Amino acid sequence: MPPKPPRAWQRMLSGRRLDLLDPTPVDIEIEDIAHGLAFVARWNGQTEGDWPYSVAEHSLLVEALFTRMNPKAPVRWQLAALLHDAPEYVIGDMISPVKAAVGPGYGALDDRLTAAIHIRFGLPAVLPATVKKQIKRADRVSAWMEAVQIAGFSQKEADGFFGRPDATLIEGLDISLRPPRVVRDDFTARHADLLAAL
55 MPPKPPRAWQ RMLSGRRLDL LDPTPVDIEI EDIAHGLAFV ARWNGQTEGD WPYSVAEHSL
115 LVEALFTRMN PKAPVRWQLA ALLHDAPEYV IGDMISPVKA AVGPGYGALD DRLTAAIHIR
175 FGLPAVLPAT VKKQIKRADR VSAWMEAVQI AGFSQKEADG FFGRPDATLI EGLDISLRPP
235 RVVRDDFTAR HADLLAAL
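What follows is the structure, given as structure tokens:
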């Protein structure tokens, strides 16, 4: 008798059972995403402060930056920016060196989850390349801000890794460390606002 395959699904707080190898849009709830992302620490938790800097907080910042950088972008691309790291609610946030060590399997898993999440919220399974690049640019500005403000990088070091953003772009945007409950609620509220605007 062949061995039983390992379990590849996770039960969510909503009661949904998400199959990581074959995720379906009907098993995805924004409350699960917001809750999970609010408890996933960026930078492997190596940030200053009394609270971890969560992927949910990072996602809110990336969406704000994306909107500033692309003021005429349709609301659906703002939603895509907010959800750009959404798969990490179940697969965690791996720093780039770990992703490189894991290999292409991580990317394939991320792509499957991203497609299911996008379809669930009315986005194309695969974003247009131009939109993906615009979100990535906002993501790099966010990474520079995080590196300098809370992750212990010097500005020169952050410039080398992420490129220095235009000062006017980040004016008035500061990294804040808040309790997961507060960030979760803000993420869920922003998602609702964007859906309502579609």
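In the working numbering, the protein residues as written are 55 to 252. Where is the CB? At the ideal position from N, CA and C, for every residue including glycine. Since we're looking at a predicted model, the values are computed, not measured.
Considering only C-alpha positions, which residue in the set R235, A250, L249 and D247 is nearest to D86? D86 has its Cα closest to that of R235, out of R235, A250, L249 and D247.
Is there a Cβ from chain C that is less than 8 Å from the Cβ of D220? No chain C appears in this structure, which consists of one protein chain only.
In whole angstroms, what separates the C-alpha of A179 from that of F215? Going from the Cα of A179 to the Cα of F215 covers about 30 Å.
Residues in the same chain with beta-carbon distance under 6 Å from P219, minus the five sequence neighbours each way, listed in chain order, please. Excluding sequence neighbours, P219 sits near V195 and W198.
L137 in three-state terms, based on DSSP: In the structure shown, L137 adopts coil according to DSSP, grouped into three states.
Compare the Cα-Cα distances from E225 to each of A169, A88, M123 and M66 and report the closest residue. In terms of Cα proximity to E225, the closest of A169, A88, M123 and M66 is M123.
If you count every other CB in all the chains shown that lies within 10 Å of the CB of G159, and 16 or more means buried, which is it? Residue environment for G159: exposed (fewer than 16 other C-beta atoms within 10 angstroms of its C-beta).
Beta-carbon spacing of I84, H245 below 8 Å: Against a cut-off of 8 Å, the Cβ pair of H245 and I84 comes out as a contact.
If you draw a straight line from the C-alpha of W105 to the C-alpha of R232, how long is it? Roughly 6 Å between the two C-alpha positions.
Where DSSP assigns a beta bridge to W261, which residues make up the other side? This structure does not reach residue 261, given that the chain is present from 55 up to 252, and the question cannot be answered.
Beta-carbon contacts of L181 that lie in its chain and below 7 Å, excluding the five residues immediately before and after: Once the five neighbours on either side are set aside, the close Cβ partners of L181 are A134.
Given a cut-off of 8 Å, decide if A110 and V237 are closer than it, judged by their beta-carbon atoms. In this structure, A110 lies closer than 8 Å to V237 by Cβ.
Among A88, F120, A95 and M55, which residue has its Cα nearest to the Cα of A243? Nearest to A243 by C-alpha distance, out of A88, F120, A95 and M55, is A88.
Is L137 near F175, with beta carbons less than 8 Å apart? Their beta carbons are under 8 Å apart, which means L137 touches F175 by this criterion.
With C-beta atoms as the reference, is A95 less than 8 Å away from S108? Yes, these two residues count as a Cβ contact at 8 Å.
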